Ligand code: HEC
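Residue numbers (full-length UniProt numbering): 1 to 312.
Following this line, the structure appears as structure tokens:
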């Protein structure tokens, strides 16, 4: 054990295991981890037990051995134990290869003829590790030059901008194929000018034929008054657009044509048409509907209930 796991491996290992055991008992979660992971906990305890046992047993046998050994045997044992991996011949050979150092005893052979007032010079070889790095940096410089100055590679800022564009495209792509992202349950009124402008575009393109470009209503009902057949809340409007109106009335479900975000945009745009009183508007249909005052929001002006068939 000692031969394969020297003390600088054994002690950290032991400490790490103790740490994990304590962590699993008094971890940061409300439930100690050993309840969730009893097998891992068991193995940790087992490992801890084995390591401690080995330490105790080897310390005890060492003591007995030391007592039984002669002085020379003890010294020999100490010498073997104090050998570190840095004494290994393979490592020494590798270091020699990388540095090509010469022993001080060979210094005479390296001495140059130069002698400046007693200051002499050794003709040491350049260490191969250094020479290797030097050539590597030349190769790197050539590649760098070609990539960025000849072939005009992107610098960090350009790379950043490109990946941001790609990420935005990926988000858009994801939104297209993730119909559950926005639903009747979580849709809210959009107020950003960009969203409303997009909503207007969609309305003009797909909805104006039946609801008139100003929302006053033609085949479809007036969308600017206080009366709604299918509910005037943003959630109701979202639902109507996405699932369509009552069967046979002509308002088809748009969910296969428009993604949820676009439905929310056009629904929000419709809400901005409220109270615009366009000329030649269709007469009111449905029930009087009043925006519920939401805490923190300005309540909409109270509107006198009007006759259902009154012309707006
Ligand atoms: C083919 C004509 C037609 C088109 C196109 C059309 N609608 Fe309608 N829409 C109707 C009719 C008809 C109704 C009434 C449905 C009912 O009575 O159930 C209606 C109802 C509605 C309502 C509910 C009104 C209320 O009083 O509750 C909303 C909101 C609405 N449409 C939005 C849209 C939007 C947004 C579009 C475009 C994406 C659109 N419509 C396109 C014909 C149309």
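Here a beta-carbon is modelled for each residue, glycine too, at the ideal position from N, C-alpha and C. Keep in mind the model is a prediction, meaning the values are calculated, not measured.
Query	Result
Start-to-end residues for the beta strand (DSSP E) that takes in residue 121	119–122
Beta-carbon proximity of residue 260 to residue 188, cut-off 9 Å	no
Whether residue 217 touches residue 290 by CB criterion (9 Å)	no
Proximity test, residue 261 beta-carbon vs the ligand HEC heavy atom, cut-off 8 Å	no
Same chain only: Cβ atoms within 8 Å of residue 41, ignoring 5 sequence neighbours per side	21, 24, 33, 34
Residue from 19, 59, 74, 92 whose Cα sits closest to the Cα of residue 7	59
Buried versus exposed call for residue 269 [16 or more other C-beta atoms within 10 Å across all chains shown]	buried
Identity of the residue in 121, 83, 273, 14 nearest residue 204 by Cα	273
Cβ neighbour criterion (16 or more within 10 Å) applied to residue 155	exposed
Backbone CA spacing between residue 83 and residue 65 [nearest angstrom]	20 Å
Local conformation of residue 288 per DSSP, three classes	strand
Strand pairing of residue 116, partner residues [DSSP]	119
Any chain D beta carbon closer than 9 Å to residue 220	This model lacks chain D altogether; it includes just one protein chain.
Ordered list of alpha helix (DSSP H) runs contained in the stretch 54–115, each at least 4 residues	71–81, 89–99, 107–110
Short Cβ contact (9 Å threshold) for residue 199 with residue 210	no
Opposing strand residues paired with residue 228 [DSSP bridges]	287
The ligand HEC heavy atom lying under 8 Å from the CB of residue 235	no
Contact under 9 Å by Cβ, residue 240 with residue 275	no
Buried versus exposed call for residue 222 [16 or more other C-beta atoms within 10 Å across all chains shown]	buried
heavy atom of the ligand HEC below 8 Å from residue 144 C-beta	no
Beta-carbon proximity list for residue 278, same chain, < 8 Å, skipping 5 on both sides	212, 214, 215, 216, 224
Burial state of residue 153 (16 or more Cβ within 10 Å)	exposed
Sequence-distant residues of its chain with Cβ nearer than 7 Å to residue 47 (five each side left out)	17
Nearest neighbour of residue 51, chosen from 229, 9, 126 [CA to CA]	9
Near the ligand HEC: residue 245 beta-carbon under 8 Å from a heavy atom	yes
Residue 143 to residue 150 span [Cα, whole Å]	10 Å
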